[in-house]
Amino acid sequence: MPTMQEIATLAGVSRGTVDRVLNNRGGVSEETKKKILEIAEMSNYEPNKAGIALAVQKRNLKIGVLLFQQSGLFFEDIKRGLAEKNEELSVYGITLEYRQTDFDENAQLAAIRELVDSGINGLIIAPWNHELIKKELLRLEADGIPVITVNTDINDSHRIAYVGSNPFKCGQVAGGLMGMITGGSGRIGIITGSHELQGHEARIQGFLDILSKKYPNLSVSAIEECRDDDYRSFELVQKMLADDPKLNAFFFTAGGVYGGCKAIAAAEGDYKVITFDDIETTREYILSDVITATICQDPIAQGSRALSLLADILVLGKQPESSTNYTDINIKIKESL
């Protein structure tokens, strides 16, 4: 394995220039940086991890984490993944600065600016899909603050990477399940969190895609937003049942499951219900036969992977191999709990 001095000799630059490039300190032209990195890669250079740790500790790295207040138990699992990964990376002394907001672009914008003002070096965010947020994330990029999106994404924001489930594929899985458990016939009520969250919308589109291709006798009666609020979900389900006596199935794309299922249970009909995630209240309704199946997206892995990618950027100057990092999905039914 070569030393920094040997790389410097091959590149025709000083050892200090190599040090700045390999430790992501800036101040080097893109052409020179590219040349040094190519030589380092070809010669299998590995940085001195102890030296890196010491240098990083002196930088007092702070990473902002911005999630939603809604679906609190789900996002607690993402935070758990972040905390566990940060414990693994404890040698670097990274501080995680958390904020959580409602489904509101102005609240999220204010939280981003608050985190930036606090001196964050990078941001992990579940973004509200709004032009204001996109513009703010573009500003962060211009200021050299890398952004990783988690659980849901946002287009054209120049974020470094997305970590989470493939929402369109999740919707397709839900559509396939719905076709199986209903016998391919019936009417479905869809309760979504918000049309302003890209992940929620993609799940609906994936679901409808499978219905249109494989189950022509399954139709959607209504699609309503509950904003991941249980009380609102309860009321919406009650209204759907009153408006359409032929309803025989429900698809919940996000939160509001507890409230919606409370209304379904009270109706005492034979309804097929598909949800997402396996938080405690959802498991209770699976065990009581209200929910037929739930699709899990590994929120702990989402948090862990997001921090791992951002730490690689900030500590090693290593960019993600892919801008899209999908976590595994799995299906749980009563018998698998």
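Its first residue numbered 11, the sequence shown is counted upward by one per residue in this note's numbering.
Even glycine gets a Cβ: it sits at the ideal position worked out from N, Cα and C.
Check this for me: beta carbons of Ile198 and Leu228, under 8 Å apart or not?
Along the sequence shown, one-based indexing puts residue 198 at 188. Along the sequence shown, one-based indexing puts residue 228 at 218. Going by C-beta atoms, Ile198 is nearer than 8 Å to Leu228.
Would you mind giving the Cβ-Cβ distance between Gly209 and Gln182, rounded to the nearest angstrom? I have them listed as a contact below 8 Å.
Residue 209 sits at position 199 when you count from the first residue of the sequence shown. Residue 182 sits at position 172 when you count from the first residue of the sequence shown. No, Gly209 and Gln182 are not in contact; Cβ-Cβ is about 14 Å, not under 8 Å.
Per DSSP, what kind of secondary structure is Tyr281 in: helix, strand or coil?
Locating residue 281 in the sequence shown gives position 271, counting from the first residue. In this structure, Tyr281 counts as coil in the three-state DSSP scheme.
Leaving out five residues on either side along the sequence, give the residues of the same chain with a beta carbon under 7 Å from the beta carbon of Arg25.
On the sequence shown, residue 25 is found 15 positions in, with the first residue counted as 1. Excluding positions up to five away in sequence, the list reads Met14, Gln15, Ala18.
Return yes when the Cβ of Ala264 is within less than 8 Å of the Cβ of Gly203, no when it is not.
For the purposes of this step, residue 203 is taken as the residue at position 193 of the sequence shown. For the purposes of this step, residue 264 is taken as the residue at position 254 of the sequence shown. In this structure, Ala264 lies closer than 8 Å to Gly203 by Cβ.
Quick one: which unbroken alpha helix (DSSP H) runs of 4-plus residues sit fully inside the stretch 83 to 148? Chain order, please.
115 to 127
With 8 Å as the threshold, decide whether the Cβ of Ile220 is near any Cβ in chain D.
Checking the listed chains, one finds no chain D in this structure; it contains a single protein chain.
Could you compute how far the alpha carbon of Glu211 sits from the alpha carbon of Asp219?
By one-based count along the sequence shown, residue 211 stands at place 201. By one-based count along the sequence shown, residue 219 stands at place 209. Distance between the alpha carbons of Glu211 and Asp219 is about 12 Å.
What's the call for Arg169, buried or exposed, on a 16-neighbour Cβ count within 10 Å?
On the sequence shown, residue 169 is found 159 positions in, with the first residue counted as 1. So Arg169 ends up on the buried side.
Check whether the Cβ atoms of Gly74 and Ile158 sit closer than 8 Å, and answer yes or no.
Counting from one through the sequence shown, the residue named residue 74 turns up at place 64. Counting from one through the sequence shown, the residue named residue 158 turns up at place 148. No, Cβ-Cβ distance for Gly74 and Ile158 is not below 8 Å.
From the DSSP output, in three-state form, read off Arg197 for me.
Residue 197 sits at position 187 when you count from the first residue of the sequence shown. The answer is strand: DSSP assigns Arg197 an E or B state.
So Gly91 and Ala321 are supposed to be a Cβ contact under 8 Å. How far apart are they, rounded?
Numbered from its first residue, the sequence shown carries residue 91 at position 81. Numbered from its first residue, the sequence shown carries residue 321 at position 311. Actually they do not touch by this definition, with Cβ atoms about 13 Å apart.
Of all the options Ile201, Glu278, Arg213, which has the alpha carbon lying nearest to the alpha carbon of Lys179?
One-based indexing of the sequence shown puts residue 179 at position 169. Minimum Cα distance to Lys179 is reached at Arg213.
Does DSSP classify Tyr172 as helix, strand or coil?
As a position in the sequence shown, residue 172 is number 162, starting the count at 1. Note: Tyr172 maps to strand in three-state DSSP.
Helix, strand or coil for Glu206? Go by DSSP, reduced to three states.
Within the sequence shown, the letter at position 196 stands for residue 206. Of the three classes helix, strand and coil, the one that applies to Glu206 here is coil, per DSSP.
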